[in-house]
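A.B. asks: Which chain is which? The protein sequence lines are H, X and F, in order.
Anchor point for the first sequence: position 51 equals 51 in my numbering, and the numbering is continuous, going up by one each time.
Each number in my numbering comes from the position in the second sequence (counting from 1) with 175 added on.
Each number in my numbering comes from the position in the third sequence (counting from 1) with 360 added on.
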Amino acid sequence: MAVHSDEHTKALHDQVLYLLKEKFATGITSSSCDYDFPVFVVEKEVAHDVLKYLKEEPSLNYHFLTTMCALHYPENAGNEFAMMYQLHNMPENKRIRIKTFIPEQKLEIPTITDLWAAANWMERQEYDFFGVHFIGHPNLIRILNMEDITFFPLRKDYALEDPTRDDKNDSMFGR
Amino acid sequence: MSEITRTKMEMAKSPEGVEGPGFFLTSMEKAVGLARKNSIWPLPFATSCCGIEFMATMASHYDLGRFGSERLSFSPRQADLLMVMGTISKKMGPVLKQVYEQMAEPRWVLSVGACASSGGIFDTYSVLQGIDRIIPVDVYVPGCPPRPEQIIEGLMKIQDLVGNESFRRRNSPDYQELMTKYGIE
Amino acid sequence: MSEFNSNQEEFKEEKEYTTLNLGPTHPATHGIFQNVLQMDGEIIRDAVPTVGYIHRAFEKLAERRPYAQITPITDRLNYCSSPINNMGWEMTVEKLIKAEIPKRVQYMRIVIMELSRISDHIICNSVVGVDTGALTGFTYIFQWREKIYEIFEDICGARLTTNIGRIGGFERQWPDHVWAKIDNFMKEFPRILKEFESLLMRNRIFMERTIGAGPIKPERALEYGFTGPNLRAAGVDYDVRVMNPYSSYEDFNFAVPIGKEGDVYDRFMVREQEMWESLSIIEQALKKIDRKEPIFHADVPEFFLPPKQEVYNQMEALIYHFKIVMGETDLPKGEVYHAVEGGNGELGFYLVSDGGRTPYRLHFRRPCFIYYQAYPELIKGSMLSDAILTMSSMNVIAGELDA
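1. So, using beta-carbon positions, are GLU474(F) and ARG526(F) closer together than 8 Å?
2. Classify GLN253(X) as helix, strand or coil using the three-state DSSP reduction.
3. Closer than 6 Å by C-beta to ASP514(F): which residues in its own chain qualify, once you throw out the five before and the five after it? Chain order, please.
4. How long is the line joining the alpha carbons of PRO219(X) and ILE310(X), rounded to whole angstroms?
5. Of the residues TYR300(X), GLY195(X) and CYS319(X), which one's Cα is nearest the Cα of THR150(H)?
6. In angstroms with no decimal places, state the Cα-to-Cα distance between GLN733(F) and PHE342(X).
7. Give the residues from the region 741-754 of chain F that approach chain X closer than 8 Å (Cβ to any Cβ), ordered along the chain.
8. Just to make sure I have the definition right: I need the residues of chain F whose C-beta is within less than 7 Å of the C-beta of PHE130(H). Which are they?
9. Starting from TYR584(F), find everything on chain H with Cβ-Cβ shorter than 7 Å and list it in chain order.
10. Quick one: which residues of the region 687-712 of chain F get their C-beta closer than 9 Å to a C-beta of chain H? List them in chain order.
11. Would you call the CB atoms of ASN704(F) and GLY588(F) closer than 8 Å?
12. Whole angstroms is fine: what's the gap from MET468(F)'s alpha carbon to ASP349(X)'s?
13. Given this structure, state the Cα-to-Cα distance separating ALA758(F) from PRO692(F), to the nearest angstrom.
14. Buried or exposed: which applies to VAL411(F), given that a residue is buried once 16 or more other Cβ atoms fall within 10 Å of its Cβ?
15. DSSP on TRP116(H), reduced to helix/strand/coil?
16. Pick out whichever of PHE566(F), VAL471(F) and ILE565(F) has its Cα sitting closest to the Cα of ILE542(F).
17. Skipping 5 residues on each side, what residues in its chain have a beta carbon closer than 8 Å to that of PRO251(X)?
18. Within a Cβ cutoff of 7 Å, which residues of the same chain sit near PRO317(X), ignoring the five residues on either side of it in sequence?
19. Give the interface partners of GLU126(H) over in chain X, defined as CB-CB distance under 7 Å, in chain order.
20. Could you tell me which residues DSSP puts in a beta bridge with LYS99(H)?
21. Who are LYS94(H)'s beta bridge partners in DSSP?
22. Just tell me which of ASP626(F), THR385(F), ILE739(F) and LEU591(F) has its CA closest to the CA of ILE730(F).
23. Can you tell me whether DSSP reads ASP650(F) as helix, strand or coil?
24. Name the chain X residues whose beta carbon is nearer than 8 Å to that of ILE552(F)?
25. Assign MET675(F) to buried or exposed, taking buried as 16 or more other Cβ atoms, counted over all protein chains shown, within 10 Å of its Cβ.
26. What are the boundary residues of the beta strand (DSSP E) that TRP283(X) is part of?
27. Within the same chain, show all residues whose beta-carbon is closer than 6 Å to that of GLU670(F), passing over the 5 residues directly before and after it, in chain order.
28. Using beta carbons (cut-off 8 Å, strictly below), is PRO153(H) in contact with chain X?
29. Verify the CB distance criterion: does HIS415(F) have a CB-CB separation below 8 Å to chain H?
30. Name, going along the chain, the residues of the region 466-484 of chain F whose beta-carbon falls closer than 9 Å to a beta-carbon of chain X.
31. Could you list which residues in chain F have their beta carbon closer than 8 Å to that of ILE143(H), in chain order?
32. In chain order, what residues of the same chain have a beta carbon less than 8 Å from the beta carbon of PHE364(F), not counting five sequence neighbours either side?
33. With a threshold of 8 Å, are at least 3 pairs of Cβ atoms found where one atom belongs to the region 742-755 of chain F and the other to the region 557-577 of chain F?
34. With distances taken between CB atoms, is the gap from GLN394(F) to PRO384(F) smaller than 8 Å?
35. State the start and end residues of the unbroken beta strand (DSSP E) segment that holds VAL396(F).
36. Do you know how far the Cα of HIS723(F) is from the Cα of ALA2(H)?
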């Protein structure tokens, strides 16, 4: 189903890794090829600069932000949250994924709204769902949920169901 | 393919009353009910997928205009029937209540779809588990989404309610109690 | 007047701007989203959109459900073209488990996806007509959407939220009358589409209303993450079916229509032309499919829910059915992203699997959510009626916006 063969992805991965390692020697934690995406794990401090470099470097030209989302790994002490960015170079049809880990104690990361206007609402959505604070975001308020709730619903420790519901009989539903 | 059998057509029955040359005597309630039920002006409060089935119901194939509901009113002040179609989230709840309060009596509510009736498949923190938590509902149409025929049947049940409603109902103590239960004046 | 002039005072002109609340319940916003507009008379100066009125927590819901049960949730993303969402999800899981899908199944999927693309574009284009006051097109062409619904109903049982297909293919072989209905649709619909076009495409009133309303430049569109017909109307030829072909789209010959200005008329025309291209793709697919061939699913017994006749008669099918429904099958660990060309653009599924029976994280890249951010910029300086047209031509579907 993947368009790019594994060799093609590996070649892309090596090319980008070489350039990234040249520019950000220690910031690149690890890298791999996942299913047809070169994936690079970077340090939180250089994430914004890595994305800026990927966007503006002419030989890389990842000019389009496809999507971004946050993930919650509550067992990973020190690296409970992760941000994932996916970029796309349309003229040469290359895609790439950047991941960065954020500790729960200091749940913040610089915003990328200065690079892509599309990141505005995507970051608000991840703030709404996980509570990740984006430093420098022009309007970081909740977007999909009601503005006055105090919890972050998509975290693993928050339940799915409506807590005020009293008409469900748990004994019949096997909960 | 079997033989197409002719449907047995029934003429609509007139209300009970005394008939004579040039006059028809019946109760005022029945006459007004007959007029009201064949000219219900709905307010389509379409939020999600059920709204698309409503569009199909309003379109030419399943024409809702046959039942007198040709004129959709998007202003609550001019509407008789509030058709809530689609999921109502907790963020939308106050808006729905405000729209309901702006409607003038007599008003009816038709809850179309599983989400409006009970929250549907979305048993989540952000979805209101049924609009009858905030406004009184007259007819529930289940389905996800209900077929246009089901929506039409829901409307026909509303027509039954409208045709048989007594004038005093809206001022009766039972009804007032219902409204206070929901916190509506 | 003279006593005023003798004051010799400079009259400072003070302007007061009106605040107008558009929505969330509004006849013309097809879906519930709110815009608080600051107006200078009839001209809009600024807009603040509020979304989330139909937030149903799909991403959280998906973490609770086994993979086969997530298909009904994906239906309700862009509910005007549910089969595309369903197929996109199934292809994501097939990518995760590295399944090989037979060509016949892929071509059948393409037929379904293109039919639902036509159905989505019918809604959008006729609703743009309705918003300019032209109800005739809507009434005539919706009759034909019923024909598409009948085809879906005969295949999977549901009209709108189809839950069509399984991980690995289709749930049953398509019966003969389905093929007959598709053939009939292909025969009759081009004439109807031409009739619809003749009502609006070169209609002077429609053109004057829509040309120049809500334009966007291609660079700005790319920065805002536009994809799909809105981006193609702005002039960028990005189509996921061409760039990252899935389900054998590379075997088909079709054009990708592109606009120039990115205004409402261009979006209307791009969608109109895409319907013609979809018809051509379906025609090519119908020639390539062998209708008598018995294959309708891939050979992935651990994930493909077997047909009921086999479950009642064969032991292995019963065991696999039990394992899949109870969620005993283990999926490989990994992260996969798969995108399909939905009715509105690149609909992406980012799936993180930890080997368990439900996804660890499922993120939907929803095109509506991303490009609706640009709406305030598109309507600044235009009149209120143009703002309404811009919103309906962008085809913002509330289910996809809020997820």
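Glycine included, each C-beta is placed from N, C-alpha and C at the ideal position.
Quick caveat, the model's predicted, so the values are computed rather than measured.
C.D. replies: In short, the structure shows the following:
1. In the third sequence, counting from the first residue as 1, residue 474(F) sits at position 114. In the third sequence, counting from the first residue as 1, residue 526(F) sits at position 166. With contacts defined by Cβ atoms closer than 8 Å, GLU474(F) and ARG526(F) do not form a contacting pair.
2. Along the second sequence, read from residue 1 onward, the residue named residue 253(X) stands at position 78. DSSP places GLN253(X) in helix when its eight states are reduced to three.
3. By one-based count along the third sequence, residue 514(F) stands at place 154. Correct list, in chain order: VAL538.
4. Translated into the one-based positions of the second sequence, residue 219(X) becomes position 44. Translated into the one-based positions of the second sequence, residue 310(X) becomes position 135. Our two residues, PRO219(X) and ILE310(X), have alpha carbons roughly 16 Å apart in a direct line.
5. On the first sequence, position 150 is the one that residue 150(H) refers to. The candidate whose alpha carbon is nearest that of THR150(H) is TYR300(X).
6. In the third sequence, counting from the first residue as 1, residue 733(F) sits at position 373. In the second sequence, counting from the first residue as 1, residue 342(X) sits at position 167. GLN733(F) and PHE342(X): Cα-Cα distance of roughly 50 Å.
7. none
8. Taking the first sequence and counting its residues from 1, the one referred to as residue 130(H) is at position 130. Going along chain F, no residue has its Cβ under 7 Å from PHE130(H), so there is no contact; the nearest lies around 11 Å.
9. As a first step, residue 584(F) must be located in the third sequence, where it is residue number 224. The answer, in chain order, is ALA117 and ALA118.
10. Residues passing the 9 Å Cβ filter: GLY694, GLU695, VAL696, TYR697, HIS698, ALA699, GLU706, GLY708, TYR710 and VAL712.
11. Taking the first residue of the third sequence as 1, we reach residue 704(F) at position 344. Taking the first residue of the third sequence as 1, we reach residue 588(F) at position 228. Contact: yes.
12. Reading the third sequence from its first residue, position 108 is the one you call residue 468(F). Reading the second sequence from its first residue, position 174 is the one you call residue 349(X). For MET468(F) and ASP349(X), the distance between alpha carbons rounds to 58 Å.
13. The residue labelled residue 758(F) in the question sits at position 398 within the third sequence. The residue labelled residue 692(F) in the question sits at position 332 within the third sequence. C-alpha separation (whole angstroms): 33 Å.
14. Taking the third sequence and counting its residues from 1, the one referred to as residue 411(F) is at position 51. With 16 or more other Cβ atoms within 10 Å, it is buried.
15. By one-based count along the first sequence, residue 116(H) stands at place 116. The answer is coil: DSSP assigns TRP116(H) none of H, G, I, E or B.
16. Counting from one through the third sequence, the residue named residue 542(F) turns up at place 182. Ranking PHE566(F), VAL471(F) and ILE565(F) by Cα distance to ILE542(F) puts VAL471(F) first.
17. Position 76 of the second sequence, counted from the first residue, corresponds to residue 251(X). Around PRO251(X): LEU218, LEU257, VAL274, TYR275, GLN277 and MET278.
18. In the second sequence, residue 317(X) corresponds to position 142, counting from 1. The answer, listed in chain order, is ALA289 and SER292.
19. Taking the first sequence and counting its residues from 1, one reaches residue 126(H) at position 126. Going along chain X, no residue has its Cβ under 7 Å from GLU126(H), so there is no contact; the nearest lies around 16 Å.
20. Within the first sequence, residue 99(H) is the residue found at index 99, counting from 1. DSSP, once it has assigned bridges, lists VAL41(H) and MET84(H) as partnering LYS99(H).
21. As a working mapping, residue 94(H) is identified with position 94 in the first sequence. ASN89(H), per the DSSP bridge assignment.
22. Mapped onto the third sequence, residue 730(F) falls at position 370. ILE730(F) has its Cα closest to that of LEU591(F), out of ASP626(F), THR385(F), ILE739(F) and LEU591(F).
23. Stepping through the third sequence from its first residue, residue 650(F) is reached at position 290. Correct three-state label for ASP650(F): coil.
24. To locate residue 552(F), count along the third sequence from 1; it is residue 192. Within 8 Å Cβ-Cβ: nothing; ILE552(F) doesn't reach chain X, min ~12 Å.
25. What you label residue 675(F) is simply residue 315 of the third sequence in a count that begins at 1. Exposed is the call here.
26. Here residue 283(X) corresponds to residue number 108 of the second sequence, with the count starting at 1. Run containing TRP283(X): 283-287, per the beta strand (DSSP E) assignment.
27. Working through the third sequence from its first residue, we reach residue 670(F) at position 310. Here the set comprises ALA677.
28. By one-based count along the first sequence, residue 153(H) stands at place 153. So, interface residue.
29. One-based indexing of the third sequence puts residue 415(F) at position 55. Judged by the 8 Å Cβ criterion, HIS415(F) is in contact with chain H.
30. ILE483
31. On the first sequence, residue 143(H) is found 143 positions in, with the first residue counted as 1. Neighbours of ILE143(H) on chain F, chain order: VAL411 and GLY412.
32. For the purposes of this step, residue 364(F) is taken as residue 4 along the third sequence, with counting starting at 1. Only weak support is given to the placement of PHE364(F): the predicted model assigns it a pLDDT of 48, under 50, and the value that follows is read from those uncertain coordinates. The answer is none, since no qualifying residue turns up.
33. yes
34. Position 34 of the third sequence holds residue 394(F). Position 24 of the third sequence holds residue 384(F). Result yes, Cβ atoms of GLN394(F) and PRO384(F) sit closer than 8 Å.
35. As a first step, residue 396(F) is located in the third sequence; it is residue number 36 there, counting from the start. Here the beta strand (DSSP E) through VAL396(F) covers 394-400.
36. Locating residue 2(H) in the first sequence gives position 2, counting from the first residue. Locating residue 723(F) in the third sequence gives position 363, counting from the first residue. Legend: pLDDT at ALA2(H) = 44, less than 50; position of this residue unreliable, no value from coordinates given.
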